[in-house]
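Visitor: Input: one structure, supplied below.
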Amino acid sequence: MPQQTRTSRSTSTKPGGMPQQDILSQDSDPVALDESQLALAQTGGTAGSTQTPTMAQAAAEPVLHPPGTAGAAMSASMVGAWNTRKVLALYMTQHSRNGWAYLDSVGWRRFATTNDSAHLALSMIASTARTTGATVQARDEADNQIHEIYCW
Amino acid sequence: MAGSERIDVAAVSAALADQGHPWQASENAMTRMAKTERTRRLGVPMPSESERATMDQRAAMVKSAAATARAMAAGAPASFDARNVGGHNYVTDVRDQGNCGSCVAFGTVAALETTAAYTRRQPGLELNLSEAHLFYVHGLSQGATCDTGWLPKPAVEACRDIGITYENYFPYTPRNSGGASLNSDWPNRLARATDMIDATGNAAQMKEHIATFGSITACFVVYDDFWSYRSGVYRHVSGEAAGGHCISLVGYSDAEGCWIAKNSWGASWGDRGYFKIAYGECYIESWQCIGTRSVTLRAWTDNTKILGVWSNDSARNGWAYLENYGWHRLGADSDQAAATALGEILSAKAAGRTVNAFADSGTVSTLYVY
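Keeping their order, the protein sequence lines are chains A and B. One rule links them: number in my numbering = place in the first sequence (from 1) + 976. One rule links them: number in my numbering = place in the second sequence (from 1) + 19.
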């Protein structure tokens, strides 16, 4: 994975104009959204639940079904393990594999950095969800990265 | 009743009354036909004496295992009906084979259509496969005709080894009186059975298969009282054997002690085209019971909405949920192709536009967004 360095705050890999940025220590991380930014991001959307991060199981192919379909009822028992959220903000820097999404009630999560293709796919899906206000179900791991995402 | 032309339904009803009305009979198009016309609606050659002996042994085993063959013991629910699973119907419309002994094609195709829809959890799939392709091409290549009939096992094997096209690529008419022929593009509009199973003589396995995969193809001996079936749980009460017949089983009920079968004599026959037959009756479990665990499709989807998109942390692993078709992987020979496919799918989803995708075995290889 490409090494990411920060040259200065003025050319920070973090988004500018955000409060609390000084308390963040890691390079290339986004900063937390304040209340006004959250309110702005939620305009036109609805807040998600306040569940704690997911315990969903990793899968090589999708296992959930879109809400309202026949399969949704059959996979209902699995849904509870997933973060059902709105994407409230997106973030990236010029660095490789450094796209992030802000999930409602969860916070900033980086897209998985395992490879370019996956990082791009996850960011494209989250971007569409942000644009359309669609609900996503995301699975993150202890590395605070999104490793799987559905967009409905 | 034997040797007569029309079925004497009054006599059948009287015999049923003597038995306490186990099922109900009524006049229908089949009972009014001449005997030769009726028997053309069958299509499974009656077994030889040695085959019959084997079937008798299997039937005895089914009966002796009846107590343990209850679905609960086999890990399947006590009842199942693919026409109503959580309020959804996974069974396609009842069809009519007409005056051709092609019931094997209908019983096989019906099971494939239900398995395709149920395993995908897609009641709206509305798959309509070509019985004509199965019977007039694959069957004929093995010597099967409207007058000889066929058997389910080679029919399902043909669906597995070659596949069958969709109805609009070879529409069925009895004895192919409509003069249709197989569309030369059939390899690009194709369904194939995979992972075939033979549950003959094993009622518990039949139930488990039906509850898991939606349907199974089976045969039974038709007796002359069966033609007049209207409702209830059929048991042979009167009349002689008329021939062998093939149907698809789409459910069962331990409480009623019966299988739920989809027939191919039109929706006006029986219970809207269906009938129930008691466990252990007329060799229903012990002749040939063939199923498949999966049905792959290779075809264009036509105008289809995108209901969901998914990816994980693996390379080139984007998926789209196509309405009435389910999840499909977006095929990609390169990272660029993966991004292009996903981008087009996401654009269709965002705009609520339909797509036309060419999918083979669950993978999209070509895509239009309109």
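Just so it is clear, CB atoms sit at the ideal spot from N, CA and C, and this is done for glycine as well. Computed from a prediction, not measured in an experiment: that's the story for all the values here.
Report the neighbours of Gly1109(A) on chain B: residues whose CB is nearer than 8 Å to its CB, in chain order.
Guide: Within chain B, no residue comes near Gly1109(A); the closest Cβ sits about 10 Å away, beyond 8 Å.
Visitor: Helix, strand or coil for Ile303(B)? Go by DSSP, reduced to three states.
Guide: In this structure, Ile303(B) counts as coil in the three-state DSSP scheme.
Visitor: Using the C-alpha atoms, what's the distance from Asn1074(A) back to Ser384(B)?
Guide: In a straight line, the C-alpha of Ser384(B) is about 30 Å away from that of Asn1074(A).
Visitor: What did DSSP end up calling Ser353(B) once you bin it into helix, strand or coil?
Guide: Three-state result, Ser353(B): coil.
Visitor: Can you find a C-beta in chain B that's less than 8 Å from the C-beta of Asp998(A)?
Guide: Only weak support exists for where Asp998(A) lies, its pLDDT of 36 falling under 50; the coordinates are left without a value.
Visitor: Taking the straight line between their C-alpha atoms, what separation do you get for Arg77(B) and Gly299(B)?
Guide: Going from the Cα of Arg77(B) to the Cα of Gly299(B) covers about 10 Å.
Visitor: Would the segment 25-37 of chain B and the segment 1045-1055 of chain A be scored as touching if the rule is three or more Cβ pairs under 8 Å?
Guide: Result no; under three Cβ-Cβ pairs closer than 8 Å.
Visitor: For chain B, find out if any of its Cβ atoms is closer than 8 Å to the Cβ of Pro1029(A); answer yes or no.
Guide: For Pro1029(A), the predicted model reports a pLDDT of 43, less than 50, meaning its position is unreliable; a value from the coordinates is still stated below. Judged by the 8 Å Cβ criterion, Pro1029(A) is not in contact with chain B.
Visitor: Between which residues of its own chain and Arg102(B) is the CB-CB distance below 6 Å, once the five residues before and five after are set aside?
Guide: Correct list, in chain order: Asn108 and Val110.
Visitor: I need the straight-line Cα distance from Ile1122(A) to Thr1111(A), nearest angstrom please.
Guide: Between Ile1122(A) and Thr1111(A), the C-alpha separation is close to 15 Å.
Visitor: Check whether the segment 323-334 of chain B touches the segment 195-211 of chain B, taking contact to mean three or more Cβ pairs, one atom from each stretch, closer than 8 Å.
Guide: The segment 323-334 of chain B vs the segment 195-211 of chain B: no contact.
Visitor: Whose C-beta lies closer than 6 Å to the C-beta of Gly22(B) among residues of the same chain, with five residues either side of it excluded?
Guide: Low confidence applies here, because Gly22(B) scores a pLDDT of 49, under 50, leaving its location unreliable; read the following figure in that light. So no residue of the chain qualifies.
Visitor: So which residues of chain A does His264(B) contact, with C-beta pairs closer than 9 Å?
Guide: Result: empty, since nearest Cβ-Cβ is about 31 Å, beyond 9 Å.
Visitor: Can Ala1102(A) and Val1039(A) be called in contact, C-beta distance under 8 Å?
Guide: No, Cβ-Cβ distance for Ala1102(A) and Val1039(A) is not below 8 Å.
Visitor: Check each candidate in Thr192(B), Glu46(B) and Gly292(B) and name the one with the smallest Cα separation from Leu394(B).
Guide: No answer is possible for residue 394(B): the residues shown for chain B start at 20 and end at 389.
Visitor: Drop a sphere of 10 angstroms on the beta-carbon of Ser247(B), count the other beta-carbons inside from all chains shown, and report buried for 16 or more, exposed for fewer.
Guide: By the neighbour-count rule (16 or more Cβ atoms within 10 Å), Ser247(B) is buried.
Visitor: Specify whether the segment 218-230 of chain B and the segment 139-149 of chain B touch according to this definition: at least 3 beta carbon pairs, one from each stretch, less than 8 Å apart.
Guide: Touching, no, given that fewer than three Cβ pairs across the two stretches are closer than 8 Å.
Visitor: Which residues bound the alpha helix (DSSP H) around His1095(A)?
Guide: Taken as a continuous stretch (DSSP letters only), the alpha helix (DSSP H) holding His1095(A) covers Asp1092 to Thr1108.
Visitor: So, does the segment 339-346 of chain B touch the segment 273-287 of chain B, judging by three or more C-beta pairs under 8 Å?
Guide: No: fewer than three Cβ pairs fall under 8 Å.
Visitor: What did DSSP end up calling Leu131(B) once you bin it into helix, strand or coil?
Guide: The answer is helix: DSSP assigns Leu131(B) an H, G or I state.
Visitor: Which residue marks the beginning of the beta strand (DSSP E) containing Gln1033(A), and which one marks its end?
Guide: Unbroken run through Gln1033(A): none, as it is neither H nor E.
Visitor: Residues in its own chain within less than 8 Å of Ser1099(A) by CB, not counting five upstream and five downstream?
Guide: Counting only Cβ-Cβ distances below 8 Å, and skipping sequence neighbours, we find Leu1066, Met1068, Gly1075, Ala1077 and Phe1087.
Visitor: Please work out which residues of its chain come closer than 8 Å, Cβ to Cβ, to Trp205(B), disregarding the five sequence neighbours upstream and downstream, and give them in chain order.
Guide: Result list for Trp205(B): His152, Thr184, Tyr188 and Phe189, in chain order.
Visitor: Do Ala297(B) and Tyr340(B) have their beta-carbon atoms positioned less than 8 Å apart in this structure?
Guide: No, Cβ-Cβ distance for Tyr340(B) and Ala297(B) is not below 8 Å.
Visitor: For Leu1009(A), tell me which candidate among Ala1034(A), Arg1085(A) and Ala1035(A) has the shortest Cα-Cα distance.
Guide: Closest option to Leu1009(A), Cα to Cα, is Arg1085(A).
Visitor: Could you tell me the distance, in whole angstroms, from the CA atom of Pro978(A) to the CA atom of Glu1037(A)?
Guide: Summary for Pro978(A): the model assigns pLDDT 35, below 50, so the residue's position carries little reliability; its value from the coordinates is reported in the next sentence. The alpha-carbon atoms of Pro978(A) and Glu1037(A) are separated by roughly 28 Å.
Visitor: Express the C-alpha separation of Phe239(B) and Ile303(B) in angstroms, rounding to a whole number.
Guide: Each residue's Cα considered, the two are about 5 Å apart.
Visitor: Where do the ends of the alpha helix (DSSP H) carrying Met80(B) lie?
Guide: Glu68 to Ser83 is the extent of the alpha helix (DSSP H) around Met80(B).
Visitor: Taking only beta-carbon atoms, is Asn1091(A) less than 8 Å away from chain B?
Guide: Taking Cβ atoms only, chain B reaches closer than 8 Å to Asn1091(A), which makes this a yes.
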